[in-house]
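>
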Amino acid sequence: KAGVTQTPRYLIKTRGQQVTLSCSPISGHRSVSWYQQTPGQGLQFLFEYFSETQRNKGNFPGRFSGRQFSNSRSEMNVSTLELGDSALYLCASSLQGESYNEQFFGPGTRLTVL
Amino acid sequence: DAKTTQPPSMDCAEGRAANLPCNHSTISGNEYVYWYRQIHSQGPQYIIHGLKNNETNEMASLIITEDRKSSTLILPHATLRDTAVYYCIVRGTDSWGKLQFGAGTQVVVTP
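The listed protein sequences correspond, in order, to chains A and B. When the letters of the first sequence are read in order and numbered with this note's numbering, they come out as residues 47 to 160. When the letters of the second sequence are read in order and numbered with this note's numbering, they come out as residues 120 to 230.
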């Protein structure tokens, strides 16, 4: 079974631009979660989508948004990029997103904001 | 979700068992204990999880104390490829797709 895939793997943007990242979950998984990883803050939860609805949200500004499609694929968008948005963005999928469902992570998208 | 405490780092000799401790003294009855690891710049890798009973899979064993206030992840025969940051995470029923990562334990396996 194919794992979680994320595109693109690397991205360079400038301040003020916006960016869209894509995540394809494992087949059959309906929950998709997004995380940001930086050297200073570590791994932080952004939000989770299940059945095209945002079900859980971390403590990030409104510039960070996401959506999920009917095939469970998900995208996240960051608008008005700041230098501090440079990070590894990780996507994870699970069957239902329940506490007893393990999450499987993709390789991440490395975003650099200049 | 309950907070976890892990040692910041530990070394292990190749071929020996690595025992990684985790304290979660405020864990509640319906919260699961999860272990993940992250090799530099890769996505975290799921290792194992459990609720009350000890668990074993092809990667590792998870030993949870009877009072559930602590647990130990055991890598039975550490290899150089096991060098990674290991995260112990507690998840409650209202976590809805959220894993709360702490600083983890940096494990270095030496030849």
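All residues carry an ideal CB built from backbone N, CA and C; glycine is no exception.
Sorted by chain position, which residues of the same chain lie with C-beta nearer than 6 Å to THR212/B's C-beta, five sequence neighbours on each side aside?
Taking THR212/B as the centre and dropping the five residues before and after it, the same chain places the C-beta of ASN149 closer than 6 Å to its C-beta, in chain order.
> Counting pairs of beta carbons, one from the stretch 166-179 of chain B and one from the stretch 138-157 of chain B, are three or more of them closer than 8 Å?
By the Cβ rule, the stretch 166-179 of chain B counts as touching the stretch 138-157 of chain B, because three or more pairs are nearer than 8 Å.
> Taking 8 Å as the cut-off, does the stretch 109-119 of chain A touch the stretch 51-63 of chain A (at least 3 CB pairs, one atom from each stretch)?
By the criterion of at least three beta-carbon pairs nearer than 8 Å, the stretch 51-63 of chain A is not in contact with the stretch 109-119 of chain A.
> Can you tell me where the beta strand (DSSP E) with TRP80/A in it begins and where it stops?
Under the DSSP assignment, TRP80/A falls in the beta strand (DSSP E) whose first and last residues are 77-84.
> Please check if any C-beta of chain B sits within less than 8 Å of the C-beta of SER77/A.
yes
> GLN90/A to TYR135/A, Cα distance in whole Å?
10 Å
> In chain A, which residues lie with their C-beta within 7 Å of the C-beta of THR175/B?
Ordered by position in chain A, no residue passes the 7 Å Cβ test against THR175/B, which lies about 15 Å from the chain.
> Just by C-beta distance, which residues in the stretch 141-161 of chain B are closer than 9 Å to chain A?
From the stretch 141-161 of chain B, only ASN149, GLU150, TYR151, TYR153, TYR155, GLN157, SER160 and GLN161 have a Cβ closer than 9 Å to chain A.
> Given a cut-off of 8 Å, decide if GLY152/A and VAL50/A are closer than it, judged by their beta-carbon atoms.
yes
> GLN149/A touches chain B at which residues, Cβ-Cβ below 8 Å?
Going along chain B in sequence order, the residues near GLN149/A (Cβ under 8 Å) are TYR165, GLY216 and LEU218.
> Scan the stretch 194-218 of chain B for residues whose Cβ lies nearer than 9 Å to a Cβ of chain A and list them as they occur along the chain.
Those residues of the stretch 194-218 of chain B that come within reach of chain A (Cβ to Cβ, closer than 9 Å) are TYR206, ARG210, GLY211, THR212, ASP213, SER214, TRP215, GLY216, LYS217 and LEU218.
> Terminal residues of the continuous beta strand (DSSP E) containing SER180/B?
180-183
> Tell me which residues share the same chain as THR229/B and place their Cβ nearer than 7 Å to its Cβ, disregarding the 5 neighbours each side in the sequence.
ASP130, ALA132 and GLU133
> What residue from GLU94/A, GLY74/A and HIS75/A has the CA that sits closest to GLN82/A's CA?
GLU94/A
> Taking beta-carbon pairs under 8 Å, can you tell me which members of the stretch 125-136 of chain B lie near chain A?
Of all residues in the stretch 125-136 of chain B, none comes within less than 8 Å of chain A when Cβ atoms are compared.
> So does the stretch 212-222 of chain B actually touch the stretch 141-151 of chain A, counting three or more Cβ pairs closer than 8 Å?
yes
> Taking the beta strand (DSSP E) that HIS168/B falls in, what are its first and last residues?
164-169
> For LEU127/A, count the other beta carbons within 10 Å of its own beta carbon; 16 or more makes it buried, fewer makes it exposed. Which is it?
It is buried - the Cβ of LEU127/A has at least 16 other Cβ atoms within 10 Å.
> DSSP on ASP61/B, reduced to helix/strand/coil?
Since the displayed chain B opens at 120 and closes at 230, residue 61/B lies outside it and no answer follows.
> In chain B, which residues lie with their C-beta within 8 Å of the C-beta of PRO107/A?
The contacting residues do not exist; PRO107/A stays about 18 Å from chain B at best.
> In chain A, which residues lie less than 8 Å from ALA222/B when you measure between Cβ atoms?
GLY88
> Pick helix, strand or coil for ASP131/A, following the three-state DSSP scheme.
helix
> State buried or exposed for ILE208/B, treating a residue as buried only when at least 16 other CB atoms are found within 10 Å of its CB.
Buried is the call here.
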